[in-house]
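A.B. asks: One gets my numbering by counting positions in the sequence shown from 1 and adding 1 to each.
C-beta atoms are modelled at their ideal positions from N, C-alpha and C, and glycine is treated no differently.
Got a structure for you, questions after.
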Amino acid sequence: MKQKRLVGLALASLLVLSGCSSAVKDNGKYVVASIDGQKIYADDIYKNLSTSTEGKKNLFTYVLDQLIRENFPVTSDMKENASNIASNLENNYKNQYGDDADAQLESALTQGGYKDIDAFKDSVVQSLQYSEFLKKYVKANFDEVFDDYYKMEAPRKMSLIKVTMSDPANPTDEEKAKLEEIQSLLKTDKSFEDIASQYSDDTTKSAKGNIGIVDSTLKLKDIYGEEVEKAALTLEQGKITAPIQGTGGYYILKCTTTDKETIKKELKTIDVDSPLLVYDTYLVYLVFNTYDIKYGDDSVKETIQKIVDENLKTRTDLRKEKS
C-alpha cells in the first residue's frame with residue numbers, strides 16, 4: 002500500500018493538468034517524499050514505471066484517470082445512477098437466491114475484483130465519468146465516428162421470435178408443434194412482427210420481436226447463444242433465418258434493415274448505452290490526443306505520447322485491413 006501511495010505521489014508531481022508543478026525540488030529533481038531524512042525522488046520511481054510494458058500501461062492509465070477527474074468530476078446524477086444499478090443488482094440476487102443472496106453476491110463481487118458493493122458503486126461512477134469523456138468527443142465528431150462505426154461493425158436492425166424449450170436438443174412434441182406453426186405462419190401474409198407479438202417467448206414480445214441495432218458490441222451470444230449471434234451479425238436485409246438452436250430454445254431472426262441513414266438517425270442521441278462509445282477500443286487514444294496536457298517532466302510526456310502514437314498507428318492499420 003505504501004508503494005502505491007508513493008507511485009501516486011510521484012506521478013502527481015510529474016503531471017500537471019493546469020498550471021505549473023509546485024513540487025519541491027532538490028538539485029533539479031522533484032522530491033515526492035522524505036522518510037527519516039531520506040529523500041524519495043520522482044525520477045527514480047518514474048524509471049521503474051517506464052521500463053516495462055505493464056509499467057507504461059499503468060502510467061498512461063494514471064494520466065488518463067487524472068485527465069478525466071479534472072474535466073469530468075463526479076456528479077450527483079452519477080452517484081444516483083450507480084446506487085440504482087447497485088440496488089438492482091442486489092434485488093436480482095435476492096430474487097434469484099433468496100436467503101443465500103448475500104453470500105452469492107459477495108462471491109460474485111470478489112470474483113469481479115470488488116471488495117464490497119460500495120467498491121462496485123465506485124467503479125460504476127468511474128465508468129460513467131469515462132463515458133462522459135468519450136461522449137463529448139463523439140457528439141462533437143458524430144459524422145466521422147458514425148461512418149467509422151458503420152464501416153467497422155456493419156450494424157443492422159434485427160427482430161426475433163423465440164420458442165422456449167426445456168431441452169433445445171430434445172424438444173417435446175408440443176414445443177416442436179409450436180415451432181412448426183410459426184414456420185407455417187411465416188409463409189403466409191401475416192407479418193413477422195405480428196407473429197412475434199403473438200407467439201414469441203422472448204422478452205421482446207411486447208416490442209414485436211424488435212431487438213434494435215445489432216453489432217459485435219451487443220454480445221448477443223451471452224443472451225441467445227453463439228449460433229444466434231453469428232446469424233444476427235451476417236443476415237442480409239429483409240431475410241429471415243430458419244430456426245436456430247440457442248440458449249433456452251429455438252430462434253428465428255429477421256433483419257429489418259441495414260440502411261446507413263436509418264441506423265445513423267437512431268444513434269444520433271448519444272447516451273451511456275450508445276455503441277459508438279464502445280465499438281472502438283482505440284477511441285480513448287483519439288480523444289486523449291485532443292487535450293493539451295501540461296507535464297512537469299519531459300520524459301513522462303515523451304513516454305505518454307509514444308503510447309498514444311503506437312495505439313493510433315495500430316488503429317489505422319486495422320482500418321486499412323478492413324478496406
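What whole-angstrom Cβ distance do Tyr225 and Thr248 have, given they're in contact under 8 Å?
C.D. replies: About 5 Å; that satisfies the 8 Å criterion.
A.B. asks: With respect to the alpha helix (DSSP H) encompassing Gly56, which residues constitute its N-terminal and C-terminal limits?
C.D. replies: Thr54 to Asn72 is the span of the alpha helix (DSSP H), which, as asked, contains Gly56.
A.B. asks: Assign Ser160 to one of three DSSP states: helix, strand, or coil.
C.D. replies: Residue state, collapsed to three classes: strand.
A.B. asks: Spatial neighbours of Tyr115 within its chain, please: CB distance less than 6 Å, with the 5 preceding and 5 following residues excluded, ordered by chain position.
C.D. replies: Within the same chain, Tyr115 has close Cβ partners Phe121.
A.B. asks: Which runs of the alpha helix (DSSP H), 4 residues or longer, sit entirely within the region 244 to 276?
C.D. replies: With a minimum length of 4 residues, the continuous alpha helix (DSSP H) runs that stay inside the region 244 to 276 are 261 to 267.
A.B. asks: Considering Val215, what are the terminal residues of the beta strand (DSSP E) in which it resides?
C.D. replies: Unbroken beta strand (DSSP E) run through Val215: Asn211 to Val215.
A.B. asks: For Leu268 versus Phe147, is the C-beta distance shorter than 8 Å?
C.D. replies: Yes; because the gap between Cβ atoms is below 8 Å, this pair is in contact.
A.B. asks: Touch check for the region 276 to 284 and the region 212 to 227: three-plus C-beta pairs under 8 Å?
C.D. replies: Yes, the region 276 to 284 is in contact with the region 212 to 227.
A.B. asks: DSSP state of Ile325, grouped into three classes?
C.D. replies: Residue 325 lies beyond the range of the chain shown here (2 to 324); nothing can be said about it.
A.B. asks: So is Ala170 buried or exposed if we call it buried at 16+ other beta carbons inside 10 Å?
C.D. replies: Result: exposed.
A.B. asks: Run through DSSP, which three-state label would Ile294 get?
C.D. replies: Three-state DSSP puts Ile294 in coil, outside helix and strand.
A.B. asks: Which residue wins for smallest C-alpha separation from Ile245, given the options Thr76, Lys255, Glu237 and Gln238?
C.D. replies: Looking at the Cα atoms, Lys255 is the closest of the given residues.
A.B. asks: Determine, using beta-carbon pairs with one atom in the region 88 to 102 and one in the region 152 to 171, whether at least three such pairs fall under 8 Å.
C.D. replies: Judged by Cβ distances under 8 Å, the region 88 to 102 makes no contact with the region 152 to 171, as fewer than three pairs qualify.
A.B. asks: Measuring straight from C-alpha to C-alpha, what distance separates Glu107 and Gln238?
C.D. replies: Between Glu107 and Gln238, the C-alpha separation is close to 45 Å.
A.B. asks: Decide if Ser88 is buried, meaning its Cβ has at least 16 other Cβ atoms within 10 Å, or exposed.
C.D. replies: Exposed, because fewer than 16 other Cβ atoms sit within 10 Å of the Cβ of Ser88.
A.B. asks: So the alpha helix (DSSP H) Lys137 belongs to, where does it begin and stop?
C.D. replies: Lys137 -> alpha helix (DSSP H) spans Ile118 to Ala141.
A.B. asks: Can you tell me the Cα-Cα spacing of Asp123 and Lys191, whole angstroms?
C.D. replies: Those two C-alpha atoms are separated by around 50 Å.
A.B. asks: Can you tell me whether Thr165 is helix, strand or coil according to DSSP?
C.D. replies: Reduced to three states, the DSSP call for Thr165 is strand.
A.B. asks: When burial is assigned at 16 or more other CB atoms within 10 Å of the CB, is Lys152 buried or exposed?
C.D. replies: That one is exposed.
A.B. asks: How many angstroms separate the CA atom of Lys163 from the CA atom of Ser198?
C.D. replies: Cα-Cα distance, rounded: 11 Å.
A.B. asks: Rounded to whole angstroms, what's the CA-CA distance from Ile253 to Lys222? Just pull it up for me.
C.D. replies: Computed Cα separation, rounded: 15 Å.
A.B. asks: To the nearest angstrom, how far is the alpha carbon of Tyr283 from that of Thr315?
C.D. replies: So the alpha carbons of these two residues sit roughly 8 Å apart.
A.B. asks: Determine the direct distance from the alpha carbon of Val139 to that of Leu60, and round the result to whole angstroms.
C.D. replies: About 25 Å.
A.B. asks: Would you please verify whether the beta carbon of Val279 is less than 8 Å from any beta carbon of chain C?
C.D. replies: Structure shown: chain C not included; a single protein chain is present.
A.B. asks: Can you pull the DSSP bridge partners for Ile241?
C.D. replies: In the DSSP output, where bridge partners are listed per residue, Ile241 has Lys255.
A.B. asks: What residue range is occupied by the uninterrupted alpha helix (DSSP H) comprising Leu219?
C.D. replies: Segment: none, Leu219 is in no alpha helix (DSSP H) and carries neither H nor E.
A.B. asks: Quick check on Asn171: does DSSP put it in helix, strand or coil?
C.D. replies: Correct three-state label for Asn171: coil.
A.B. asks: Taking buried to mean at least 16 other C-beta atoms within 10 Å of its own C-beta, is Glu230 buried or exposed?
C.D. replies: Answer is buried; the Cβ neighbour count reaches 16.
A.B. asks: Quick check on the burial criterion: 16 or more other C-beta atoms within 10 angstroms. Buried or exposed for Leu319?
C.D. replies: By the 10 Å Cβ count, Leu319 comes out exposed.
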